[in-house]
RNA sequence: UGGGGCGUCGUCUAAGGGUAGGACACCUGGUUUUGGUCCAGGCAGUUGGGGUUCGAAUCCCUGCGCCCCAGCCA
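Numbering (the numbering used here), first residue to last: 7 to 565.
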């Protein structure tokens, strides 16, 4: 197997641990999101890694909510995150909450105090910042650093009992205010917050900080390899310090580089701003890089997993091109999406030599990549719609489609020739008059003559109306994260809603949540906003389009 | 410039002392009833300088560049 050929650095570490027996050849991981927002494609990398490693080594992976900050967290996110992890295709061993361990963490904190390794500090947040020092200068000891163990125990108990207001006191680890790693300068491990927690209600008014809580959560759950992103590398010394002082089971933290995707934003805060600022229609807007947004856009989970396989695991900073993700998406959809015909911007054509009372049922293949998908009938009649883009009155070089006097093939139907262009008073083309060649039924000419283009179409009277939402990238620059203000780089054309689209009749049978290819246009997904009268389709990703590329090149040459 | 990380085709990622390989992107050409798919080919890379070695992307030294850290966020 060639998956085994390339082992990334984390697999190598685990392989080595399994040789030395460091964790008794056990592998246990966890995916630890904070329920303060929705999961995005960046999280998917961690999910695939955490669950993937566990599966590969025959271990377990927990889903653990790191819910240590009640004012940021909500039940809604807890539910959404579980749905997204499931959708991605993973099943956790245990569902855990950091808040389940609050009592245990508290008891460990008391132990720390009793060992002289923690103290209650009365400094304000501002004072703590002032005395922390800078990158170059050491910090200053808190005046409360030398409190007696008895006083610390008493004060901590009173903090817990709610005797003090928010922000008035903290519990701090007594490490080293001159430590070159700022995280080690007596970090706060408990703060006072009189806030209702989604899980523990009003049981607590002191809440543990990440650095204190995370290692304990890992330890309590018997995690072997605690995988996280590189910005936590500086925190590993505290992670280790706490576990060593407490003399408890000690997992190994390993850091890898987070995923960045071109033309998108990955910060939860900024994503939240996009939602709250009304720039998009909610967390599941198909333009969002959230898993719920991508699901609604029409991504299949397999494409995301495959993408993560190809992204790889390393420590260097990276920006994946969205084109790579889309290439994998197309590859997956090409195999499984049935083909149908839909006209997004209709142009009416009249087949002048076709009987107006006649409707023919023609055979169309459902998926050329999958014979088992079978075929269907498509009605053909005198009045049809074709795509406006498929006709040009004065075609440039290399435009192969319909033009005055030119013959093209209607997919699965007949060769037609355009004889007349009908315009309105404003000189806009409103209709084309064409003739068909009855001998070319099905699309092949008995005399062997060739046409340079095959275009899609629907029967005017036998087609149904639909709304189609064309999505494009949300940002107009490759790395919107570097702009001070994301508003400046938002793509004004990220959503284009088309209301007069015409669908071939068999499309009425498509269910919400199905993936379909509209021939020559792209892959589409039936949106939950659909009604029986008016279906709504989201464009997941367009097909590769060499003509569009040529057009673009010609345009830029003319400029 | 304190501490911690990281530098391989345009973008990701392999090669862990022995031919710098793959994918995406881009460019040719072929097949084609989707200007899709598929097929064939091409372009293109080791951060600079020293050193060790028969041999260095890899080991050592030394520059340079980029990222992270001064929340009672995670």
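Where a beta carbon is used, it is the ideal one built from N, C-alpha and C, also for glycine. Bear in mind the structure is a predicted one, so any value in this text is a computation, not a measurement.
Is residue i buried or exposed, if buried means 16 or more other CB atoms sit within 10 Å of its CB?
{"i": "residue 461", "result": "buried"}
{"i": "residue 547", "result": "buried"}
{"i": "residue 86", "result": "buried"}
{"i": "residue 516", "result": "buried"}
{"i": "residue 168", "result": "exposed"}
{"i": "residue 249", "result": "buried"}
{"i": "residue 97", "result": "exposed"}
{"i": "residue 65", "result": "buried"}
{"i": "residue 465", "result": "buried"}
{"i": "residue 177", "result": "buried"}
{"i": "residue 109", "result": "exposed"}
{"i": "residue 220", "result": "buried"}
{"i": "residue 469", "result": "buried"}
{"i": "residue 472", "result": "buried"}
{"i": "residue 131", "result": "exposed"}
{"i": "residue 79", "result": "buried"}
{"i": "residue 369", "result": "exposed"}
{"i": "residue 25", "result": "exposed"}
{"i": "residue 578", "result": "In the structure as shown, the chain starts at 7 and stops at 565, and residue 578 therefore has no counterpart that could be examined."}
{"i": "residue 411", "result": "exposed"}
{"i": "residue 10", "result": "Confidence at residue 10 is low in this model, with a pLDDT of 49, below 50, so the placement of that residue is unreliable and no value is reported for it."}
Could you pull the start and end residues of the alpha helix (DSSP H) that residue i belongs to?
{"i": "residue 14", "result": "No alpha helix (DSSP H) contains residue 14, which DSSP labels as neither H nor E."}
{"i": "residue 530", "result": "Where residue 530 is concerned, there is no enclosing alpha helix (DSSP H), although the beta strand (DSSP E) it sits in stretches over 528 to 532."}
{"i": "residue 233", "result": "Run containing residue 233: none in the alpha helix (DSSP H); it sits in the beta strand (DSSP E), 231 to 235."}
{"i": "residue 162", "result": "155 to 166"}
{"i": "residue 134", "result": "131 to 137"}
{"i": "residue 485", "result": "Looking at the DSSP string, residue 485 is not in any alpha helix (DSSP H), and its letter there is neither H nor E."}
Quick one: give me the first and last residue of the beta strand (DSSP E) that residue i is part of.
{"i": "residue 353", "result": "352 to 357"}
{"i": "residue 473", "result": "470 to 477"}
{"i": "residue 124", "result": "124 to 127"}
{"i": "residue 299", "result": "Element bounds for residue 299: not the beta strand (DSSP E) but the alpha helix (DSSP H), 297 to 303."}
{"i": "residue 501", "result": "501 to 509"}
{"i": "residue 245", "result": "Where residue 245 is concerned, there is no enclosing beta strand (DSSP E), although the alpha helix (DSSP H) it sits in stretches over 242 to 252."}
{"i": "residue 179", "result": "176 to 179"}
{"i": "residue 103", "result": "101 to 103"}
{"i": "residue 465", "result": "463 to 465"}
{"i": "residue 521", "result": "521 to 524"}
{"i": "residue 213", "result": "212 to 214"}
{"i": "residue 542", "result": "542 to 548"}
{"i": "residue 261", "result": "258 to 262"}
{"i": "residue 197", "result": "194 to 198"}
Just confirm the distance between the C-beta atoms of residue i and residue j, as a whole number of angstroms; I'd bet it's less than 8 Å.
{"i": "residue 385", "j": "residue 511", "result": "7 Å"}
{"i": "residue 138", "j": "residue 188", "result": "7 Å"}
{"i": "residue 389", "j": "residue 467", "result": "6 Å"}
{"i": "residue 359", "j": "residue 441", "result": "5 Å"}
{"i": "residue 162", "j": "residue 115", "result": "7 Å"}
{"i": "residue 55", "j": "residue 334", "result": "Not a contact, Cβ separation roughly 17 Å."}
{"i": "residue 314", "j": "residue 50", "result": "6 Å"}
{"i": "residue 480", "j": "residue 502", "result": "About 13 Å separates the two Cβ atoms, so there is no contact after all."}
Please work out which residues of its chain come closer than 8 Å, Cβ to Cβ, to residue i, disregarding the five sequence neighbours upstream and downstream, and give them in chain order.
{"i": "residue 521", "result": "304, 306, 339, 342, 343, 529, 530, 531 and 546"}
{"i": "residue 180", "result": "122, 123, 124, 125, 151 and 192"}
{"i": "residue 300", "result": "47, 292, 294 and 310"}
{"i": "residue 8", "result": "Its pLDDT being 36, under 50, residue 8 is placed unreliably by the model, and the measurement read from it follows with that caveat. Excluding residues within five positions, none has a Cβ falling inside 8 Å."}
{"i": "residue 235", "result": "52, 261, 262, 263 and 264"}
Leaving out five residues before and five after residue i in sequence, what residues of the same chain have Cβ atoms less than 7 Å from its Cβ?
{"i": "residue 107", "result": "222, 223 and 226"}
{"i": "residue 322", "result": "263"}
{"i": "residue 382", "result": "370, 372 and 512"}
{"i": "residue 117", "result": "252"}
{"i": "residue 505", "result": "473"}
Here's a check: name, in chain order, each residue in its chain whose Cβ is nearer than 6 Å to the Cβ of residue i, leaving out the five neighbours to either side.
{"i": "residue 239", "result": "261"}
{"i": "residue 259", "result": "232, 242 and 245"}
{"i": "residue 145", "result": "137, 138, 139, 183 and 191"}
{"i": "residue 486", "result": "271, 492 and 495"}
{"i": "residue 72", "result": "38, 40 and 104"}
{"i": "residue 102", "result": "68 and 70"}
{"i": "residue 185", "result": "191"}
{"i": "residue 523", "result": "343, 345 and 529"}
### Message
Give the list of continuous alpha helix (DSSP H) stretches no shorter than 4 residues that lie fully inside the stretch 310 to 382.
### Response
Contiguous alpha helix (DSSP H) elements confined to the stretch 310 to 382 occur at 328 to 342, taking only those with 4 or more residues.
#### Entry: Complete beta strand (DSSP E) runs within the stretch 26 to 76 (minimum length 3 residues, chain order)
The stretch 26 to 76 contains these whole beta strand (DSSP E) runs: 34 to 37 and 66 to 71.
### Sequence ranges, beta strand (DSSP E) only - wholly within the stretch 379 to 440, length at least 3
Taking only runs of at least 3 residues, the beta strand (DSSP E) segments lying wholly in the stretch 379 to 440 are 381 to 386, 389 to 393, 413 to 416 and 421 to 429.
### Task
Taking only runs that begin and end inside the stretch 84 to 120, name each unbroken beta strand (DSSP E) of 3 or more residues, in chain order.
Within the stretch 84 to 120, the complete beta strand (DSSP E) runs of at least 3 residues are 101 to 103.
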